[in-house]
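Chains as they are written, first to last, in the UniProt record's numbering: chain F, 1 to 119; chain A, 1 to 145.
Every residue, glycine too, gets a C-beta built ideally from N, C-alpha and C.
The structure appears below as structure tokens.
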């Protein structure tokens with residue numbers, strides 16, 4: 001038995017909660033990615049600046065989500081700062097998962113609003 | 001809670017719509033000026049966005065972002081012991097959504113089946129009763145022939 005399996009035997013995981021949390025984060029990221037596309041289109045960003053804008057805003061979303069939703073209950077529970085293990089299985093999924101989730105929606109609204117504004 | 005997030009989101013949406021319209025008007029004005037200034041040979045300046053529209057766009061984006069994050073559903077602990085402890089302590093009150101209603105997928109105490117199952121059946125007593133019933137010739141009850 002590997003150490004990971006033993007860890008799950010000692011502290012079992014609730015699958016429904018994992019799905020619920022992931023879906024909540026996914027919905028937020030999809031919505032906000034479209035929003036950032038609108039912003040980038042209005043600002044008239046082109047090429048790398050648009051993607052830079054998206055990356056910064058996406059990380060900001062995750063940070064805000066952490067501050068408002070994760071931190072209020074995970075810090076009193078004894079978790080360290082930026083520790084999301086109370087609600088998410090892997091920190092990579094939490095911090096960087098949104099970058100790929102919303103990229104398509106971002107590009108869609110980015111090009112749409114760029115075309116609308118600059119036509 | 002929900003009206004705060006909705007108000008913030010709507011306010012940000014208004015700001016964003018205003019910024020979008022301003023940018024579109026600015027772009028139209030620039031193209032018009034470029035079309036008419038060919039005669040006067042003024043310098044064809046690039047149609048850079050005015051800084052106030054840019055600031056408004058960024059602020060509107062951040063305001064909507066804040067509203068959307070405030071409107072997300074509350075998270076649930078993924079460790080079974082933390083989750084079950086939360087249910088024991090808070091019951092349904094720990095699983096209300098932003099509208100103040102209990103979540104539809106709230107299942108309650110995960111150990112409910114264990115706690116409400118019937119007590120132990122006295123199987124020896126039942127066997128004794130059955131033996132008594134057989135000894136009496138099976139008369140009475142459904143088994144009587």
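Residue interval of the alpha helix (DSSP H) (run including residue i)
| i | result |
| --- | --- |
| residue 85 of chain A | 80 to 90 |
| residue 53 of chain F | 48 to 65 |
| residue 82 of chain F | Counting along the chain, residue 82 of chain F falls outside any alpha helix (DSSP H), and DSSP gives it neither H nor E. |
| residue 130 of chain A | 123 to 135 |
| residue 97 of chain F | 91 to 101 |
| residue 8 of chain F | 3 to 10 |
| residue 28 of chain F | 15 to 43 |
| residue 122 of chain F | Chain F is shown only over 1 to 119; residue 122 of chain F falls outside these bounds and no answer can be derived. |
| residue 114 of chain A | 112 to 116 |
Rounded distance between the beta-carbons of residue j and residue i, thought under 8 Å
| i | j | result |
| --- | --- | --- |
| residue 101 of chain F | residue 76 of chain A | The Cβ separation is near 20 Å, so there is no contact. |
| residue 117 of chain F | residue 27 of chain A | 6 Å |
| residue 8 of chain A | residue 63 of chain A | 6 Å |
| residue 59 of chain A | residue 15 of chain A | 7 Å |
| residue 19 of chain A | residue 72 of chain A | Contact doesn't hold; Cβ gap of about 25 Å is too wide. |
| residue 42 of chain F | residue 106 of chain F | Their Cβ separation, rounded to whole angstroms, is 14 Å, which puts residue 42 of chain F and residue 106 of chain F out of contact at 8 Å. |
| residue 40 of chain F | residue 110 of chain F | 5 Å |
| residue 36 of chain F | residue 54 of chain F | 6 Å |
| residue 108 of chain A | residue 87 of chain A | 7 Å |
| residue 68 of chain F | residue 10 of chain A | In fact, because the Cβ distance is near 19 Å, the residues do not count as touching under 8 Å. |
| residue 12 of chain A | residue 67 of chain A | 6 Å |
| residue 82 of chain F | residue 92 of chain F | 13 Å between Cβ atoms; not a contact. |
| residue 44 of chain F | residue 49 of chain A | 6 Å |
| residue 34 of chain A | residue 53 of chain A | Their Cβ separation, rounded to whole angstroms, is 19 Å, which puts residue 34 of chain A and residue 53 of chain A out of contact at 8 Å. |
query: Using a Cβ cut-off of 9 Å, which residues of the stretch 86 to 97 of chain F contact any Cβ in chain A, in chain order?
result: Against chain A - using a Cβ distance shorter than 9 Å - the residues of the stretch 86 to 97 of chain F are 86, 87, 88, 89.
- prompt: Can we say the stretch 95 to 108 of chain F touches the stretch 29 to 44 of chain F, given the rule of at least three CB pairs closer than 8 Å?
  reply: Taking one beta carbon from each stretch, the stretch 95 to 108 of chain F and the stretch 29 to 44 of chain F have 3 or more pairs nearer than 8 Å; the two touch.
query: Can you list, in chain order, the stretches of the alpha helix (DSSP H) that have 4 or more residues and sit fully within the stretch 9 to 78 of chain A?
result: Contiguous alpha helix (DSSP H) elements confined to the stretch 9 to 78 of chain A occur at 51 to 70, taking only those with 4 or more residues.
message: Across the stretch 65 to 84 of chain A and the stretch 73 to 88 of chain F, are there enough close Cβ pairs to call them in contact, namely three or more that are closer than 8 Å?
response: Yes, the stretch 65 to 84 of chain A touches the stretch 73 to 88 of chain F.
field: Near-chain A residues of the stretch 4 to 19 of chain F (beta-carbon distance less than 9 Å), N- to C-terminal order
entry: Residues passing the 9 Å Cβ filter: 11, 12, 13, 14, 15, 16, 17, 18.
- request: Taking 8 Å as the threshold, find out whether the stretch 50 to 66 of chain F comes into contact with the stretch 80 to 94 of chain A through three or more Cβ pairs.
  value: The stretch 50 to 66 of chain F makes no contact with the stretch 80 to 94 of chain A, as fewer than three CB pairs between them are under 8 Å.
- prompt: Which residues, taken in chain order from the stretch 24 to 41 of chain F, show a beta carbon closer than 7 Å to some beta carbon of chain A?
  reply: For the stretch 24 to 41 of chain F, which is checked against every Cβ of chain A, the residues closer than 7 Å are 24, 28, 31, 32, 35, 36, 38, 39.
task: Report the residues of the stretch 65 to 91 of chain A with a CB closer than 8 Å to any CB of chain F, ordered along the chain.
output: For the stretch 65 to 91 of chain A, which is checked against every Cβ of chain F, the residues closer than 8 Å are 65, 66, 68, 69, 70, 72, 73, 74, 75, 76, 77, 78, 79, 80, 81, 82, 83.
task: Note down, in chain order, all residues in the stretch 1 to 35 of chain A with a beta-carbon under 7 Å from any beta-carbon belonging to chain F.
output: Those residues of the stretch 1 to 35 of chain A placed with their C-beta closer than 7 Å to a C-beta in chain F are 16, 19, 20, 23, 24, 27, ordered along the chain.
task: Name, going along the chain, the residues of the stretch 56 to 71 of chain F whose beta-carbon falls closer than 9 Å to a beta-carbon of chain A.
output: Within the stretch 56 to 71 of chain F, the residues whose Cβ lies closer than 9 Å to some Cβ of chain A are 57, 60, 61, 64, 65, 67, 68, 69, 70, listed in chain order.
message: Residues of the stretch 95 to 114 of chain F in Cβ contact with chain A at a cutoff of 8 Å, in chain order, please.
response: Contact residues of the stretch 95 to 114 of chain F toward chain A are 113 (C-beta to C-beta distance below 8 Å).
field: chain A contacts from the stretch 43 to 57 of chain F (Cβ-Cβ distance under 8 Å)
entry: Going along the stretch 43 to 57 of chain F in chain order, one finds 43, 44, 57 with a Cβ nearer than 8 Å to chain A.
query: Closer than 8 Å, Cβ to any Cβ of chain F: which residues of the stretch 49 to 61 of chain A, in chain order?
result: Residues are counted here when their Cβ sits less than 8 Å from a Cβ of chain F; for the stretch 49 to 61 of chain A these are 49, 53, 54, 57, 58, 60, 61, given in chain order.
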